[in-house]
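Asks:
In the working numbering, the protein residues as written are 76 to 185.
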């Protein structure tokens, strides 16, 4: 992916969904109606690329529609997966609108 397009790692895209669910839970705090979060299906078009330099490794970058149209040198792949959220404190299902405020202290960027 080249040019001025910001690169978004696949992990960052998943983290954004996680943070959105936590924010929804916080906003629903105190509501008489809550929702159990079920399986979340995610699908992205990604560019799989070997990183150059000291660390090397392979990265998956989420491709924007603009990048997909303009970067003819990249190989793109469709990645689809399902995540089933659970409350790490209780081991049960995560409830959007729970009485507990959202706690993101255990989430770190790594």
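No residue lacks a Cβ here, since even glycine has one placed at the ideal position from N, Cα and C. Since the model is a prediction, treat every value here as computed from it, not as a measurement.
Buried or exposed: where does residue 150 fall if 16 or more other Cβ atoms within 10 Å of its Cβ makes it buried?
Replies: The sequence position of residue 150 within the chain shown is 75, counting from 1. Exposed, by the Cβ-count rule.
Asks: Is the distance from the Cβ of residue 92 to the Cβ of residue 170 below 8 Å?
Replies: Locating residue 92 in the chain shown gives position 17, counting from the first residue. Locating residue 170 in the chain shown gives position 95, counting from the first residue. Their beta carbons are not under 8 Å apart, which means residue 92 does not touch residue 170 by this criterion.
Asks: Below 6 Å CB to CB, which residues in the same chain sit around residue 125 once its five sequence neighbours on both sides are set aside?
Replies: Here the question's residue 125 lines up with position 50 in the chain shown. Closer than 6 Å at the Cβ level, and outside the excluded window around residue 125, lie 133.
Asks: Sorted by chain position, which residues of the same chain lie with C-beta nearer than 6 Å to residue 154's C-beta, five sequence neighbours on each side aside?
Replies: Position 79 of the chain shown, counted from the start, is the residue given in the question as residue 154. Counting only Cβ-Cβ distances below 6 Å, and skipping sequence neighbours, we find 119, 121.
Asks: Three-state secondary structure (DSSP) at residue 97?
Replies: For the purposes of this step, residue 97 is identified with residue 22 of the chain shown, where counting begins at 1. In the structure shown, residue 97 sits in a helix (DSSP, three-state: H, G or I).
Asks: Could you check the C-alpha separation between residue 98 and residue 172 for me, to the nearest Å?
Replies: Here residue 98 refers to the residue found at position 23 when the chain shown is read from its first residue. Here residue 172 refers to the residue found at position 97 when the chain shown is read from its first residue. Approximately 10 Å, taken between the alpha carbons.
Asks: To the nearest angstrom, how far is it from the Cα of residue 102 to the Cα of residue 94?
Replies: What you label residue 102 is simply residue 27 of the chain shown in a count that begins at 1. What you label residue 94 is simply residue 19 of the chain shown in a count that begins at 1. About 12 Å.
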